[in-house]
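Undergrad: For the sequence shown, the numbering used here gives the first residue as 1, with consecutive numbering after it. Before anything else, here's the structure in question.
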Amino acid sequence: MLGALLSAIFPWTVAASIYIWLVLVLAGASMFMLARRWLDRRDAIFAAVLYAVNPYHLVIVYWRSAFAELLASCLIPLLLLLVLKAAEEGTKAIVPLALLLAAAWLTNAPAAVMIHYSLALLTVLIAWQRRSARVFPVAAAAVALGAGLAAFYLIPAIYEQRWVNITEAISAGSRPQDSFLFVHTTDAEHDAFNRIVSWIAVLEIVATFVAAAAAKRWREGNRGLWNTLFCWAAGCTLLMLPVTAPIWRFLPKLEFMQFPWRWLLCLSLMFAIFVTLGLRRQSLRAAFCVVAILVVAMVWRGVQAPWWDTAADLREMRDNVTDNLGYEGVDEYTPLGAEATAVDKDARDVTVDGPARGAIHVLRWGPESKEFTAEVSAPDQLALRLFYYPAWRATVNGRVVTGRARVDTGQMLVPVETGMNRVQVTFARTWDRSAGGWISTLSALGVGMCVFMKRRRQARALMR
1 MLGALLSAIF PWTVAASIYI WLVLVLAGAS MFMLARRWLD RRDAIFAAVL YAVNPYHLVI
61 VYWRSAFAEL LASCLIPLLL LLVLKAAEEG TKAIVPLALL LAAAWLTNAP AAVMIHYSLA
121 LLTVLIAWQR RSARVFPVAA AAVALGAGLA AFYLIPAIYE QRWVNITEAI SAGSRPQDSF
181 LFVHTTDAEH DAFNRIVSWI AVLEIVATFV AAAAAKRWRE GNRGLWNTLF CWAAGCTLLM
241 LPVTAPIWRF LPKLEFMQFP WRWLLCLSLM FAIFVTLGLR RQSLRAAFCV VAILVVAMVW
301 RGVQAPWWDT AADLREMRDN VTDNLGYEGV DEYTPLGAEA TAVDKDARDV TVDGPARGAI
361 HVLRWGPESK EFTAEVSAPD QLALRLFYYP AWRATVNGRV VTGRARVDTG QMLVPVETGM
421 NRVQVTFART WDRSAGGWIS TLSALGVGMC VFMKRRRQAR ALMR
């Protein structure tokens, strides 16, 4: 939504730059809020800046352009902050933690999976250290409420998976086993990029644990927190290694994260904190930053240029969208049985699919509503330049008709009769979307009621 708003105001290149800087500032601000719990202002600022420009963030910006995942990094420090608050304040943390979990689902699904599994690990670690199960019901309630707030997205996303080739999301090249650190596949380009990410991961892992070992003095006074951060970092590291392949297959939806090195998103938090704690002298911090900049520059110039599309490729993508040619999608979102490569990209919006002759006039062709007339010489079917999904509803001359998918391409077919036919095709609100909307509405009302009651109690307390 933020990216769309910026793109509506600025040229897309300027909008992307503004978006990146805003997100990095937000990520640094969230880390600053966390770090100020234990560090002085100067150290907290260093940790915030280091987290904002950590190596994996640079990978996201310069090589992956995964801007939704970058935005999700703002939530990682707040997750730890709110879990600690849940352990200390109990039920008072349910609403803010639920809002964070809902925001994770609405920002980036793989990051949301990471955040929920991290929440589970942090909850277990804190409960074990404090010898108290108080945090478990708080975390469970937050997960349920967060899912309720995001239900308008989650329920359709879960239910409508049966409409598409969702398993293509974890096909060859996108499976976890293809992206463990330093793994080899039959795809040379995939392996080249994986080696870059693997070396970056190794450097970040080594820096994290060496700095953690160097932070002995801080550990003595904050042993519980140090152990929590260390175990979280160890968990992130292990999940990037091939030895954990059975875990990726066993844990629900974990394999849909696709790339194990995505755990660097969470590991970067420990990287920023431990490096800040381990390098107390300003000279050492300056040297560390210089070395990091030199490594990035060397990799940029000598190993892998930022991104893999040229300026001409990006202009072509922009022109295709402007000219209504569309853009190349991904197989996991095409309908079951559809073959995107078999679709004639130069075809008109509506054509007669059979032997009948016809005159077609398109009146409106919007994203969720299309209207056109078709005068045909015999009963036939019209092929739309549109993939068929069960949510599409078609009416011909005011009468509801049953559309279907073309066998070879998955395009939508609409039956018509001899003579003039006025056809309307709209994307209907199916039961899953309605149910999700109502659940989110009720959850939001519940959150509003909780906030109202809390403020009312605080006002009464002040009056006494």
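Note that beta-carbon positions come from the ideal geometry of N, C-alpha and C, so glycine has one too.
Less than 8 Å between the beta carbons of G403 and E375, yes or no?
TA: The count along the sequence shown starts at 1 and reaches residue 403 at position 403. The count along the sequence shown starts at 1 and reaches residue 375 at position 375. No, they are not a contact pair.
Undergrad: In whole angstroms, give me the CA-to-CA distance for V83 and N165.
TA: Taking the first residue of the sequence shown as position 1, residue 83 is located at position 83. Taking the first residue of the sequence shown as position 1, residue 165 is located at position 165. Straight-line Cα distance between these residues: approximately 36 Å.
Undergrad: Do you know whose CA, among H184, W163, Q161 and N421, lies nearest A474's CA?
TA: The requested residue 474 is not part of the displayed model; the chain covers only 1 to 464.
Undergrad: Tell me the residue span of the beta strand (DSSP E) that contains K370.
TA: Locating residue 370 in the sequence shown gives position 370, where the first residue counts as 1. Segment S369 to V376, the beta strand (DSSP E) holding K370.
Undergrad: Could you give the distance in angstroms between the alpha-carbon of T409 and the alpha-carbon of F387?
TA: Translated into the one-based positions of the sequence shown, residue 409 becomes position 409. Translated into the one-based positions of the sequence shown, residue 387 becomes position 387. Answer to the nearest angstrom: the Cα atoms are 8 Å apart.
Undergrad: Helix, strand or coil, according to DSSP, for R385 in the structure here?
TA: The count along the sequence shown starts at 1 and reaches residue 385 at position 385. R385 falls in the strand class under three-state DSSP.
Undergrad: Applying the 10 Å Cβ sphere with the 16-neighbour rule, what's the burial state of L442?
TA: Here residue 442 corresponds to residue number 442 of the sequence shown, with the count starting at 1. Label assigned to L442: exposed.
Undergrad: Who are the Cβ neighbours of R36 in its own chain at under 8 Å, not counting the five residues just before and after it?
TA: Sequence index remark: in the sequence shown, residue 36 carries index 36 (1-based). Cβ within range, chain order: A44.
Undergrad: Would you list the residues sitting across from P252 in a DSSP beta bridge?
TA: Start at 1 with the first residue of the sequence shown, and residue 252 comes out as number 252. For P252, which the question treats as bridged, DSSP gives no partner whatsoever.
Undergrad: Could you compute how far the alpha carbon of G436 sits from the alpha carbon of G148?
TA: Stepping through the sequence shown from its first residue, residue 436 is reached at position 436. Stepping through the sequence shown from its first residue, residue 148 is reached at position 148. Each residue's Cα considered, the two are about 8 Å apart.
Undergrad: Return helix, strand or coil for A359, following the three-state DSSP convention.
TA: As a position in the sequence shown, residue 359 is number 359, starting the count at 1. Note: A359 maps to strand in three-state DSSP.
Undergrad: Between the alpha carbons of A127 and T276, how many angstroms are there, rounded?
TA: Here residue 127 is taken as the residue at index 127 of the sequence shown, counted from 1. Here residue 276 is taken as the residue at index 276 of the sequence shown, counted from 1. So the two alpha carbons sit approximately 26 Å from each other.
Undergrad: Threshold first: 3 residues or longer. Then list the beta strand (DSSP E) segments lying entirely within the region 84–160, N to C.
TA: Qualifying beta strand (DSSP E) stretches: none in this window.
Undergrad: For G326, name the three-state secondary structure that DSSP assigns.
TA: For the purposes of this step, residue 326 is taken as residue 326 along the sequence shown, with counting starting at 1. DSSP places G326 in coil when its eight states are reduced to three.
Undergrad: So R369 and T418 are in contact, right, with Cβ under 8 Å, and what is the actual spacing, rounded?
TA: Within the sequence shown, numbered from 1, the residue matching residue 369 stands at position 369. Within the sequence shown, numbered from 1, the residue matching residue 418 stands at position 418. The sequence given here has Ser at residue 369, not Arg. Not a contact, Cβ separation roughly 26 Å.
Undergrad: DSSP beta-bridge partners for L413?
TA: Locating residue 413 in the sequence shown gives position 413, where the first residue counts as 1. L413 pairs with A383 and R404.
Undergrad: D349 to H361, Cα distance in whole Å?
TA: As a working note, residue 349 is residue 349 in the sequence shown. As a working note, residue 361 is residue 361 in the sequence shown. One C-alpha to the other measures close to 10 Å.
Undergrad: Excluding the 5 residues flanking T395 on each side, which residues of the same chain have their C-beta closer than 6 Å to its C-beta?
TA: Sequence index remark: in the sequence shown, residue 395 carries index 395 (1-based). Answer for T395: Q424, listed in chain order.
Undergrad: How is N421 classed by DSSP in three states: helix, strand or coil?
TA: Here residue 421 is taken as the residue at index 421 of the sequence shown, counted from 1. N421 falls in the strand class under three-state DSSP.
Undergrad: For the pair the region 228–244 and the region 278–290, tell me if three or more CB-CB distances fall below 8 Å.
TA: The region 228–244 vs the region 278–290: no contact.
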